[in-house]
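Peer 1:
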Amino acid sequence: MSQYDELRECIISGKKARVGELTQQFLDEDKVAKEILDEGLIPGMAVVGKKFQEGEYFIPEMLLSARALNVGLDLLKPHLEASDVKPVATVVVGTVKGDIHDIGKNLVSIMLRGGGFEVIDAGVDVSPNKFVEMAKEANADIIGLSALLTTTMPSMLDTVQAFETDGMRDKVKIMIGGAPLTTEYAEKIGADGYAANASLAVEMAKKLVGV
Amino acid sequence: MMYESLAYKTSNEMMFGKTVHPLHCGHDLVLGGGLVFPEVNFTLPVMQVDQKSLPKILKQYEEMVSMVLNRLVILDVPGAVIEFEHAPQMTEHLEIGAEVTAQTKQLMDDYYKKHGLKTALRATICDIREKERPPKMRTGEAVKTVFESFRVNAQNGADMLSIESTGGKEVSDRALMEANLPGLLLALGILAPRDMHFLWREICNIAQDEKVVAAGDSACAFANTAMVLADQKFIPNVLAAIVRAMSAVRSLVAFEEGAVGPSKDCAYEGPVIKAITGYPISMEGKSSACAHFSHMGNIAMAVTDLWSNESVQNVKLLSGFAPEVFTEVLSYDCRLMNEAVVEGDENTIKKLLVKSDEYKSVHALMVSPESSYKIAKAIVGANSDFERTRQAGIIACEIMKTAFEEKKIILSEREIVYLNRFEDEFQTYSNEESVLRVALPDFEELFLASEYGL
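As they're listed, the protein sequences go chains A and R.
Just so you know, the numbering used here puts 79 at position 79 of the first sequence, and the rest follows in order with no gaps.
Heads up, the numbering used here is the position in the second sequence plus 1000, with the first residue counted as 1.
1) List the whole-angstrom C-beta distance separating residue 1320 of chain R from residue 1019 of chain R, where the pair is believed to meet the contact cut-off of C-beta under 8 Å.
2) When you check each C-beta in the segment 40-70 of chain A against every C-beta of chain R, which residues fall closer than 7 Å?
3) Would residue 55 of chain A and residue 12 of chain A be called neighbours here (beta carbons separated by less than 8 Å)?
4) List, in order along the chain, the chain A residues whose C-beta lies closer than 9 Å to that of residue 1236 of chain R?
5) Any idea if residue 1410 of chain R is buried or exposed, counting beta-carbon neighbours within 10 angstroms, 16 or more meaning buried?
6) DSSP on residue 1116 of chain R, reduced to helix/strand/coil?
7) Got a sec, what are the start and stop residues for the beta strand (DSSP E) residue 1019 of chain R sits in?
8) Per DSSP, which one or two residues make a beta bridge with residue 1041 of chain R?
9) Can you tell me whether residue 212 of chain A is helix, strand or coil according to DSSP?
10) Please report the Cβ distance between residue 89 of chain A and residue 117 of chain A, rounded to the nearest whole angstrom; I am assuming they are in contact, meaning their Cβ atoms lie under 8 Å.
11) For the beta strand (DSSP E) that residue 88 of chain A lies in, which residues bound it at each end?
12) Buried or exposed: residue 1350 of chain R, going by 16 or more other Cβ atoms within 10 Å of its Cβ?
13) Using a Cβ-Cβ cutoff of 7 Å, what residues of the segment 1166-1177 of chain R are near chain A? List them in chain order.
14) Just to confirm, is the Cβ distance from residue 1124 of chain R to residue 1164 of chain R under 8 Å?
15) Give a yes or no on whether 8 Å exceeds the smallest Cβ distance from residue 124 of chain A to chain R.
16) Can you give me the Cβ contacts of residue 1016 of chain R inside the same chain, cut-off strictly under 6 Å, excluding the 5 residues immediately before and after it?
17) Does the beta-carbon distance from residue 1170 of chain R to residue 1130 of chain R come in below 8 Å?
18) Could you please give me the residues that DSSP links to residue 95 of chain A through a beta bridge?
19) Can a CB atom of chain R be found closer than 8 Å to the CB of residue 151 of chain A?
20) Please list the terminal residues of the continuous beta strand (DSSP E) segment that includes residue 1319 of chain R.
21) Please determine, among A:63, A:183 and A:97, the residue with the shortest C-alpha to C-alpha distance to residue 1177 of chain R.
22) Let me confirm a value: residue 1197 of chain R is counted as buried when at least 16 other C-beta atoms fall within 10 Å, else exposed. Which label applies?
23) Using a beta-carbon distance cut-off of less than 7 Å, what residues from the segment 1122-1143 of chain R approach chain A?
24) Counting only the same chain and skipping the five closest in sequence on each side, list residues whose C-beta sits under 6 Å from that of residue 28 of chain A.
25) What does the alpha-carbon distance come out to for the pair residue 95 of chain A and residue 179 of chain A?
26) Residue 1428 of chain R to residue 1434 of chain R, Cα distance in whole Å?
27) Check the Cβ of residue 1233 of chain R against every Cβ in chain A and list those closer than 8 Å, keeping chain order.
28) State the Cα-Cα distance for the pair residue 132 of chain A and residue 194 of chain A, rounded to the nearest angstrom.
29) So, does the CB of residue 1313 of chain R fall closer than 8 Å to a CB anywhere in chain A?
30) In whole angstroms, what is the alpha-carbon distance linking residue 1151 of chain R and residue 1122 of chain R?
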């Protein structure tokens, strides 16, 4: 039995208020913020991710857990920052220029957050230069590009090229996703990876940053 | 105008290729007058779409339209609809949409003169209003461009005007992922119908001015999104089926504002629309597997008037390019249905189309003629857009529950938990006030109330 069992269970069952109470209680007891994160919150979300992968959870259940996680994270954040604890990596995600489909992109954001990534959502119809600008601002490690239309796929190449032109290409990994895309297309445009769905996007992101 | 009764006495009366109000359009084409015709749609391969690439775009469309028309002639197809569905940039840059439409229509004119091929051109404008978040549905520049695009496409040869409009989608998207029924009632019962009244009043005015057909809309942004999310096991199937039924109400509004069909191919709510209005519909099923997965491959054909492939890229297959290949597939499906009518076997074909899919999934169950008729009846029995949407959801729950209890359909335990929950919640949220009280705090940041006249 771990002292963080209940916290973990509350993340799994999406009990937002109780996660807040327990996290605060641990902080009041002078527990280390990183320990609360690593032994309570993140393992709880890992179970949620597994349940989702295995078809036991739908997105609504996962969202409840993600919200509970956010309550805990908000309480831990000042302590983590003070002790210089960083997220797994920072990801800027967005739907490329000309495309306005965003459900896939939103799901990827949820899954990445649940996986311990910091996610900055650039929105839809995002120009190549905007991606570069946001990546610089956030000091991003990964850029996630989404497209649903064959006619907006070329915007992905434009975005990769914008990072090259700006001298930023070596500083970020670029992954792509969306219905018409393939690993071959990722290779063709010089992206670093392709993920077929939101769950695989987390695995790909981890792979890209070597976690 | 608000429909208060149904166009058919029973669902058995509804039949493919036949409508209460046949529609004359294009070059001597009569939709719903006894024959089912292919509706062919195609899209560009991977390429840039902007003003600079217009010559390349036109060349692509010229090739695709010519090969489709040629295949229709070879197969002696009695008629067809060609759909030109805009990518966002084709609506934003008016000249791109207009020139593709003009060129397509010219080719159709040529084939009519040379071969007597009866065709009509549907232009489907892209709803670019949702680019901005929260979207400006009534006051932004985008809405002016959308209306202007309808007009220039009509002036350049479109015979029928359509759109897959998105009013309420900004709320629906999140509500779907949260399985949030008050949010869905807000999106589909309040916002979407209000937007449809605004949008289609103007589209119908434009169609009247330009002497073209105001065809119809699709709840693709709501119900097909839900179906795809359910297929990926992101949300319960029962929720997607409920949304399918609820979203028929917002699509019906187009007809209440003056649209006369055919409704859009991806509008699986089409049979509900046909049951209420008696106007022709377009549907897609197995022959749209090139564009997306569905559970309604056969059943979608049961009462349709146009049979579509949804969309296919201009890529080379062994027998030819994809648009001509799918034209052939659609043509043979239509030939079978039309021959069944000639032989007096249409009821047998319809029965088999329905029975082969009906209880394989809740998605198919929801589009069966019988279910669609029940949903249609529930809709016309209520007297406001909100109450109609709610009643459509309630009857969808009943249809699924009954099929499950009669052991005709299999639902997992967790699907049943959701189904019971939604049944209860429909009783809890019985009026607009109760929905707004609960949903507004959660969703008000996503939409601009004034853009819906609220």
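Using N, Cα and C, we set each Cβ at its ideal position, and we do this for glycine too.
Peer 2: Looking at the coordinates:
1) By one-based count along the second sequence, residue 1320 of chain R stands at place 320. By one-based count along the second sequence, residue 1019 of chain R stands at place 19. Not confirmed; about 33 Å, so no contact.
2) 55, 58, 59, 60 and 63
3) Counting from one through the first sequence, the residue named residue 55 of chain A turns up at place 55. Counting from one through the first sequence, the residue named residue 12 of chain A turns up at place 12. Their beta carbons are not under 8 Å apart, which means residue 55 of chain A does not touch residue 12 of chain A by this criterion.
4) Residue mapping note: residue 1236 of chain R aligns to position 236 of the second sequence, counting from 1. Those within 9 Å of residue 1236 of chain R in chain A are 58 and 60.
5) In the second sequence, counting from the first residue as 1, residue 1410 of chain R sits at position 410. So residue 1410 of chain R ends up on the exposed side.
6) Residue numbering aside, residue 1116 of chain R sits at position 116 when the second sequence is read from its first letter. Coil at residue 1116 of chain R, not helix or strand.
7) For the purposes of this step, residue 1019 of chain R is identified with residue 19 of the second sequence, where counting begins at 1. From DSSP, the beta strand (DSSP E) with residue 1019 of chain R extends over 1018-1025.
8) Translated into positions along the second sequence, residue 1041 of chain R becomes position 41. Residue 1041 of chain R pairs with R:1083.
9) There is no way to answer for residue 212 of chain A, as the model of chain A reaches only from 1 to 211.
10) If you number the first sequence from 1, residue 89 of chain A lands on position 89. If you number the first sequence from 1, residue 117 of chain A lands on position 117. 6 Å between Cβ atoms; contact.
11) Numbered from its first residue, the first sequence carries residue 88 of chain A at position 88. First-last for residue 88 of chain A: undefined, no H or E at that position.
12) Position 350 of the second sequence, counted from the first residue, corresponds to residue 1350 of chain R. Residue 1350 of chain R should be labelled buried.
13) 1173 and 1177
14) As a position in the second sequence, residue 1124 of chain R is number 124, starting the count at 1. As a position in the second sequence, residue 1164 of chain R is number 164, starting the count at 1. Their beta carbons are under 8 Å apart, which means residue 1124 of chain R touches residue 1164 of chain R by this criterion.
15) In the first sequence, the residue the question calls residue 124 of chain A occupies position 124. It does: the Cβ of residue 124 of chain A has a partner Cβ on chain R nearer than 8 Å.
16) For this step, residue 1016 of chain R is matched to residue 16 along the second sequence. Excluding residues within five positions, the ones whose Cβ falls inside 6 Å are 1036, 1303, 1304 and 1337.
17) Residue numbering aside, residue 1170 of chain R sits at position 170 when the second sequence is read from its first letter. Residue numbering aside, residue 1130 of chain R sits at position 130 when the second sequence is read from its first letter. Going by C-beta atoms, residue 1170 of chain R is nearer than 8 Å to residue 1130 of chain R.
18) By 1-based counting over the first sequence, the position of residue 95 of chain A is 95. According to DSSP, residue 95 of chain A bridges with A:146.
19) Against the first sequence, residue 151 of chain A aligns to sequence position 151. Yes, residue 151 of chain A lies at the interface with chain R (some Cβ there is under 8 Å from its Cβ).
20) Along the second sequence, read from residue 1 onward, the residue named residue 1319 of chain R stands at position 319. From DSSP, residue 1319 of chain R is part of no beta strand (DSSP E); its letter is neither H nor E.
21) In the second sequence, counting from the first residue as 1, residue 1177 of chain R sits at position 177. The option with the nearest alpha carbon to residue 1177 of chain R is A:63.
22) The sequence position of residue 1197 of chain R within the second sequence is 197, counting from 1. The residue is buried, with at least 16 neighbouring Cβ atoms inside 10 Å.
23) 1130, 1131 and 1133
24) Taking the first residue of the first sequence as 1, we reach residue 28 of chain A at position 28. Excluding residues within five positions, none has a Cβ falling inside 6 Å.
25) Here residue 95 of chain A refers to the residue found at position 95 of the first sequence. Here residue 179 of chain A refers to the residue found at position 179 of the first sequence. Roughly 12 Å separates the two Cα atoms.
26) For the purposes of this step, residue 1428 of chain R is taken as residue 428 along the second sequence, with counting starting at 1. For the purposes of this step, residue 1434 of chain R is taken as residue 434 along the second sequence, with counting starting at 1. Spanning the two alpha carbons is a distance of roughly 8 Å.
27) The residue given as residue 1233 of chain R occupies position 233 in the second sequence. Neighbours of residue 1233 of chain R on chain A, chain order: 55 and 58.
28) As a working mapping, residue 132 of chain A is identified with position 132 in the first sequence. As a working mapping, residue 194 of chain A is identified with position 194 in the first sequence. Near 19 Å, if we compare the C-alpha coordinates of residue 194 of chain A and residue 132 of chain A.
29) Residue 1313 of chain R sits at position 313 when you count from the first residue of the second sequence. By this cut-off, residue 1313 of chain R is an interface position.
30) The residue given as residue 1151 of chain R occupies position 151 in the second sequence. The residue given as residue 1122 of chain R occupies position 122 in the second sequence. If I take the Cα positions, the gap works out to 13 Å.
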